[in-house]
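Each protein sequence line maps, in turn, to chains A and B. The first sequence lines up with residues 1 to 406 when you count with my numbering. The second sequence lines up with residues 407 to 812 when you count with my numbering.
2 protein chains.
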Amino acid sequence: MVLLLECGLVRPTTSGFFTLLPLARRALDKLENLIKTCIESSGAQRLSLPALTSAGLWAKTGRLENAAAELLTLEDRHNKKYLLAPTYEEAIAELLSDLKPISYKQLPIILYQISNKYRDELRPKHGLLRAREFSMLDAYGAHASSDCALQVYGRMATAYEHLFRALHLKVHKVEAPSGDMGGSFSHEWQLAATSGEDQIKVCPSCSHAALLNDEGTRCQSCGKDAEILQSIEVGHTFILGTKYSEALEATYCPPSGPPLPIIMSCYGIGITRLLAASLEALSTEKALRWPKAIAPYSAIIIGPKEGSKEWNDHGMDQVKLVYDALNSVPALRSDVLVDDRHGLTIGKRLLMADKMGYPIVIACGKESSSNPPRYEVTIDGATQLCTAQELVQILSDKYAHLEYCT
Amino acid sequence: MVLLLECGLVRPTTSGFFTLLPLARRALDKLENLIKTCIESSGAQRLSLPALTSAGLWAKTGRLENAAAELLTLEDRHNKKYLLAPTYEEAIAELLSDLKPISYKQLPIILYQISNKYRDELRPKHGLLRAREFSMLDAYGAHASSDCALQVYGRMATAYEHLFRALHLKVHKVEAPSGDMGGSFSHEWQLAATSGEDQIKVCPSCSHAALLNDEGTRCQSCGKDAEILQSIEVGHTFILGTKYSEALEATYCPPSGPPLPIIMSCYGIGITRLLAASLEALSTEKALRWPKAIAPYSAIIIGPKEGSKEWNDHGMDQVKLVYDALNSVPALRSDVLVDDRHGLTIGKRLLMADKMGYPIVIACGKESSSNPPRYEVTIDGATQLCTAQELVQILSDKYAHLEYCT
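If you want it as structure tokens, here you go:
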């Protein structure tokens, strides 16, 4: 979190609330778009429910009382009570009920949101990892049978795996208790990170992963010694059964007989949390490292220092030339930043760029005055001198097989 | 609003709050992305401030009291008071103050958000046109001089004009009072719509537009008779001056002398309101019409009715063929919907497609069993029979000169 502050990515406003400054917001845009692509590939359709949910709706499932301490609640000018939703099982069940009659032929339906959620944490901490307002994916499956629910659950798990693979993050799917949510079973999605507050055991032999509990450190699947890792929960998925659909009369019409309660499943990913957790997992104490797919910019170009020989030779001309060259690589289009703080030395700005963790850093140093001009190009930590033409070739090759989430 | 309900686009939850169902949400995604492109072309950078703003911050500018009736407020578990922000002048001024020292060399800065805003309307009405939770663009300029503020104001006005042109909407920029916001001057952006609650007068001779007030119906600019139009306010822009920066000590360092208060400007567009207003302006009582750039899907394909001759001949094969053909047109990729309600006649589904207002409707009717198969293609209301190859040619030509907002 200190690095996020130092790098000008976030600012706290009051306890547990954060402003995402432009670079962080840009990374979040990329992450949200990647999540949309992955989740929609499973057939999910986006919708938006109001953040203000009628408190009466939550009273019907008993959660208004059970979750009261962590709910932010308010009254409107007519003294009607609302809560700022942390999750939407009730609201989705009410919507399904409102859409009656739903035929079994119309199921399954998968609906999702990407929106801000609210939780009045007793002690907000670790910055974006436990904020009171946070961006979250929440998806809901509506099914006519348990078998169908399990099929959709499998499809959504595949979408999660695609997402984490696209981010090059090692996220472990572990069985978990369903807790206050109810339902028959659930999985947490845990990202290994030394600063994490959770603990999981991962078997090096059979890859089975589980929450670390009092059943010891052996793998429950193959019996071998498991590895213990600190981790951060970035997602949670549930088969909910009929808890919410029964309470809110969300039914479907089967081929024959009376309407039956819809079987529900739900799927969450803490998006701002995932952003922060991936930085926790990949960065060092001194420098940020991003999953490449969500780095605020893929490349930064550092121009010569004002008054230097290079500045007098070509000013910003070489910067513009490199900028155009990079933008000619389709994968980098509109994703290149120019560091125009000419008052600072190249060395100082190189240190700042390294700290921020841009995947590609290009400095117009001494050799930019040679013929042909050559630039100091650092890709994934390795530096080389190359011409604009060589640079385009290297990057075109590098991004030729871009891993998309499909 | 009735049509929006009938077409399954929105559902009210409680008074003034709406669920955007998948088709409406998809249109909103398109509109938000278009707004991002237009606004960023003016140099604006996106950020996200928390929706929960400390009430104390608004007390400092006097707006906590002045706007109290329309503010949704709450207390957290520690009895700290917050409001759900309808707008962010205070929060932006606090952020600028927090980023001190800002040099005049760093200005102007333009920051923007796309997020949900809140207003506790006394009588929410007209559906999305006056909701209590709504998606809104809010942008803020920080300037070192009035001249610079005016320059940025002009740039943002150009971005607005690009946006409305991309939507093919006739939006009039009219001088307006600054009201509670303060500042030196402002403009409203008014979309002509017979159902609108505002009135503007537009001069047919010199195109000057103004709010209709007691200064009569003559053009204030050229003196000729002006036309009176009903209209809907979709945007509002202000030069704010130093009201907020003085109250919250947001200063910059000029070339010499002590720090000075930053001159601010701000820019709003009600995004869900614009979506609804554009439908109000373009639709009839019986059928929705969308700005093409934000129709939920550009095209819909209607397959044969189950049991018909065509169904028995080729089932869904022709639908798949047309689907692939449409997706081969770059502008239509991933923007084509298949109406697979085989139980309904083609005629009934054509009526529904017309009511929903898809720009391109393709029916696999009787001629889809001919050799070569031909489809009933309706583009902008005109119907013709064509083969898949002809269809691709027509649409490739139609979309060859797509108007982007750049």
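For each residue, glycine too, the CB sits at the ideal point set by N, CA and C.
Per DSSP, the bridge partner or partners of residue i
i, result
"F185/A", "I239/A"
"Q190/A", "H172/A, E233/A"
"Y604/B", "Looking at the sequence shown, residue 604/B is not Tyr but Asp. DSSP output for D604/B lists S637/B as bridge partner(s)."
"A499/B", "DSSP output for A499/B lists no bridge partner at all."
"R11/A", "T19/A"
"P530/B", "Bridge partners of P530/B: none, in fact."
"E280/A", "For E280/A, which the question treats as bridged, DSSP gives no partner whatsoever."
"M670/B", "A548/B, G647/B"
"F134/A", "K117/A"
"A299/A", "V336/A, I360/A"
"K487/B", "E481/B"
"V783/B", "I768/B, Q790/B"
"C659/B", "S509/B"
"Q45/A", "L111/A"
"L458/B", "L490/B"
"I269/A", "L137/A, G235/A"
Cβ neighbours of residue i in the same chain (closer than 6 Å, five flanking residues each side left out)
i, result
"A656/B", "A499, L502, S503, I668"
"E594/B", "V580, A582, E639, H642"
"L72/A", "L84, Y118, D120"
"G43/A", "I110"
Identity of the residue in the options nearest residue i by Cα
i, options, result
"G676/B", "L429/B, L453/B, A474/B, Q519/B", "Q519/B"
"K576/B", "S637/B, L756/B, S521/B", "S637/B"
"Q605/B", "A632/B, G589/B, I707/B", "A632/B"
"I301/A", "P359/A, R25/A, W290/A", "P359/A"
"S178/A", "S265/A, G381/A, T194/A, R374/A", "S265/A"
"D544/B", "E496/B, K607/B, E527/B, P507/B", "E496/B"
"H126/A", "S308/A, V361/A, F18/A, G365/A", "F18/A"
"R46/A", "R469/B, L409/B, R431/B, L470/B", "R431/B"
"L415/B", "L429/B, S421/B, G422/B, V408/B", "L429/B"
"D746/B", "Q724/B, S740/B, N733/B, V783/B", "Q724/B"
"Y244/A", "C219/A, L4/A, Y88/A", "Y88/A"
"P204/A", "Q190/A, S15/A, A55/A, S221/A", "S221/A"
"E476/B", "P514/B, K442/B, G422/B, T784/B", "G422/B"
"L350/A", "S334/A, D335/A, V377/A", "V377/A"
"S207/A", "A400/A, H172/A, H342/A", "H172/A"
"I800/B", "S734/B, P507/B, L411/B", "S734/B"
"S447/B", "T564/B, M758/B, T623/B, A465/B", "T564/B"
"A192/A", "I228/A, T345/A, S186/A", "I228/A"
"I346/A", "H168/A, S308/A, L337/A, Y160/A", "S308/A"
"N485/B", "V361/A, E306/A, V338/A, L122/A", "L122/A"
"G196/A", "S115/A, S278/A, S145/A", "S278/A"
"M156/A", "Y399/A, G268/A, R63/A", "G268/A"
"G303/A", "W290/A, L344/A, E280/A, P330/A", "L344/A"
Same chain, Cβ closer than 7 Å to residue i, five either side skipped, listed in chain order
i, result
"K320/A", "none"
"E403/A", "Only weak support exists for where E403/A lies, its pLDDT of 47 falling under 50; the value from the coordinates is given anyway. Here the set comprises A166."
"C413/B", "L694, K761, M762"
"A682/B", "G533, L534, L535"
"A325/A", "A388, L391, V392"
"I109/A", "A142"
"R132/A", "G16, F17, Y118, R119, D120, E121, P124"
8 Å Cβ shell around residue i - same chain, five flanking residues per side excluded
i, result
"L150/A", "I239"
"Q106/A", "Y252"
"N66/A", "D180"
"L57/A", "E90, A91, E94, L248"
"R780/B", "E773, S774, L791, C792, T793"
"F185/A", "E175, S178, F238, I239"
"S509/B", "Y658, C659"
Cβ-Cβ separation, residue j to residue i (assumed contact under 8 Å), whole Å
i, j, result
"S396/A", "T272/A", "With 8 Å as the limit, S396/A and T272/A do not qualify as a contact, their Cβ atoms being about 33 Å apart."
"T61/A", "A287/A", "Incorrect: roughly 46 Å between the Cβ atoms, too far for contact."
"A388/A", "V322/A", "6 Å"
"A705/B", "L738/B", "6 Å"
"L212/A", "K201/A", "5 Å"
"R417/B", "L409/B", "Actually they do not touch by this definition, with Cβ atoms about 14 Å apart."
"G647/B", "G589/B", "5 Å"
Validate contact between the stretch 80-90 of chain A and the stretch 38-53 of chain A using beta carbons, cut 8 Å, 3 pairs: Output reads yes: the stretch 38-53 of chain A touches the stretch 80-90 of chain A.
The stretch 30-48 of chain A contacting the stretch 289-298 of chain A, beta-carbon criterion three pairs below 8 Å: At 8 Å Cβ cutoff, the stretches touch.
The stretch 369-380 of chain A contacting the stretch 307-316 of chain A, beta-carbon criterion three pairs below 8 Å: Result yes; three or more Cβ-Cβ pairs closer than 8 Å.
Cβ contact check for the stretch 682-692 of chain B and the stretch 659-666 of chain B: 3 or more pairs under 8 Å: The stretch 682-692 of chain B is not in contact with the stretch 659-666 of chain B.
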